[in-house]
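Chemist: Handing you a structure now.
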Amino acid sequence: MSNIAINGFGRIGRLALRAALTKYPNITISAVNTSGSMDIHGWALLFKYDTAYGKFSKEIIVHESAQEGEIGSIEVDGKKIPFLAFRNPEEIPWGRYTTETVLESTGVFRTRADAEKHLAGGAKRIVISAPPKGGTIKTVMCSINDSDAHGETVISNGSCTTYSAAPVIKTVLSHFGIEKMTLTTIHAYTSDQRLLDNSHKDLRRARSAAQNIIPTSSGSAEAIVAIMPELAGKFESSAMRVPVMTGSLSDHTFLLPRSVTVEEVNDAFKQESEGQFKSIMTVTEDPIVSSDIIGNDASAIVDLSLTSVIDGNLLKVYSWYDNEWSYACRLIELAASSILTLCKTNRRTHSISPFQYC
4 MSNIAINGFG RIGRLALRAA LTKYPNITIS AVNTSGSMDI HGWALLFKYD TAYGKFSKEI
64 IVHESAQEGE IGSIEVDGKK IPFLAFRNPE EIPWGRYTTE TVLESTGVFR TRADAEKHLA
124 GGAKRIVISA PPKGGTIKTV MCSINDSDAH GETVISNGSC TTYSAAPVIK TVLSHFGIEK
184 MTLTTIHAYT SDQRLLDNSH KDLRRARSAA QNIIPTSSGS AEAIVAIMPE LAGKFESSAM
244 RVPVMTGSLS DHTFLLPRSV TVEEVNDAFK QESEGQFKSI MTVTEDPIVS SDIIGNDASA
304 IVDLSLTSVI DGNLLKVYSW YDNEWSYACR LIELAASSIL TLCKTNRRTH SISPFQYC
């Protein structure tokens, strides 16, 4: 049994809790630390109802608490999960709740020095739910480089786009080689953008997320080069934020060292989706759209009907991904203290149907 706590109860924190309570019976959520901006009833309601994923499938019982630092708890399947309200990581008493691993999902504490503040309260390991900062934290991904987690106190789970692209890129690299490449993620908007035009340090993200296609940056190339160093200097990435809540698409363009056919490329993806990447990548030949993959836990859903080749060695590959749910599932898997067993043996069927796990 793995005891995992969640620090930060935003989109990813809430979906990570849903995943833990519905998909992974050997994982115990020991506590959830919130911003303290609402009482326990508010957090419980926000967890119970979700605009993208619908109502949570299990009964939730809310309890208030008089214990110092706690705002209450929620009870699911007879198990109580304490909710806390600490602003500073070093003040959170993780040891009180026998926490082994903390999911750092605030998006704030992304350097080693900041993340390690959780150790002061009794945590043993920290998994950051975003690309790390500072250059000293390893990015570790299930089925890609999960053995790199050995001996690490702080690791990063990369990003949803990194997970969408990494198995695709690794497949092309191992089967055909890569001279150079670009990646553009056509990405659902996130809470970092503005609902209406307002101030933001990124002037494009300052514009209304619900009304615009917004070009912005993506750190996925840097994260992938960190785990595939042979691509250094050969890979750039960017993002286009679009007006959908969730459901995104990675657009990969590869210049290959030799000529290939569409059939040859698609056969490679079929092979790897049943082999090395069975736990994180699947393929489809259906003419799907973004809403069709909401609730699918595959990190990369390769759309084989969109694969194209120009003049033999210019390759285009597209992979769909639910940028919230699939990433939350990988986060829980990576955070489990049985990381290697869970990442490599959790083989699932990625059916193209919404809300299958919520």
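Oh and the sequence shown: position 343 is 346 in our numbering, straight run, nothing missing.
Here a beta-carbon is modelled for each residue, glycine too, at the ideal position from N, C-alpha and C.
(1) Taking residue 96 as the reference, which of 208, 139, 122 has the closest Cα?
(2) With 16 as the cutoff for other CB atoms within 10 Å, does residue 91 come out buried or exposed?
(3) Measure the alpha-carbon distance for residue 125 versus residue 98 and round it to whole angstroms.
(4) Count the CB pairs spanning the region 62-74 and the region 16-31 that are closer than 8 angstroms, and state whether there are at least three.
(5) For a test of the three-state rule: what should DSSP assign to residue 190, helix, strand or coil?
(6) Between 188, 269, 284, which has its C-alpha nearest residue 276's C-alpha?
(7) Does the distance from the CB of residue 110 to the CB of residue 88 come in under 7 angstroms?
(8) Tell me, to the nearest whole angstrom, how far the beta carbon of residue 43 is from that of residue 67; I am working on the premise that it is less than 8 angstroms.
(9) Have a look at residue 201 and residue 217 and give me their C-alpha separation to the nearest angstrom.
(10) Are the region 245-264 and the region 176-196 touching, with three or more C-beta to C-beta distances below 8 angstroms?
(11) To the nearest angstrom, how far is the alpha carbon of residue 308 from that of residue 290?
(12) Does residue 324 come out as helix, strand or coil in the three-state DSSP assignment?
(13) Run through the region 230-309 for me and flag every whole beta strand (DSSP E) of 3 or more residues, listed as ranges in chain order.
(14) With a Cβ-Cβ cutoff of 7 angstroms, do residue 113 and residue 85 count as a contact?
(15) Which of helix, strand or coil does DSSP assign to residue 353?
(16) Do residue 10 and residue 36 count as a contact pair if the criterion is CB distance below 7 angstroms?
(17) Give the range of the beta strand (DSSP E) segment to which residue 66 is assigned.
(18) State the Cα-Cα distance for the pair residue 38 and residue 138, rounded to the nearest angstrom.
(19) Alpha carbon to alpha carbon, what distance is there between residue 46 and residue 211?
(20) Closer than 6 angstroms by C-beta to residue 127: which residues in its own chain qualify, once you throw out the five before and the five after it? Chain order, please.
(21) For a test of the three-state rule: what should DSSP assign to residue 109, helix, strand or coil?
Modeler: Reading off the structure:
(1) 122
(2) exposed
(3) 4 angstroms
(4) no
(5) strand
(6) 284
(7) no
(8) 6 angstroms
(9) 14 angstroms
(10) yes
(11) 7 angstroms
(12) strand
(13) 238-245, 251-258, 284-287, 303-306
(14) no
(15) Because residue 353 carries a pLDDT of 43, less than 50, the predicted location of this residue cannot be relied on, and the following value inherits that uncertainty. If DSSP states are grouped into helix, strand and coil, residue 353 belongs with coil.
(16) yes
(17) 64-66
(18) 27 angstroms
(19) 26 angstroms
(20) 103
(21) coil
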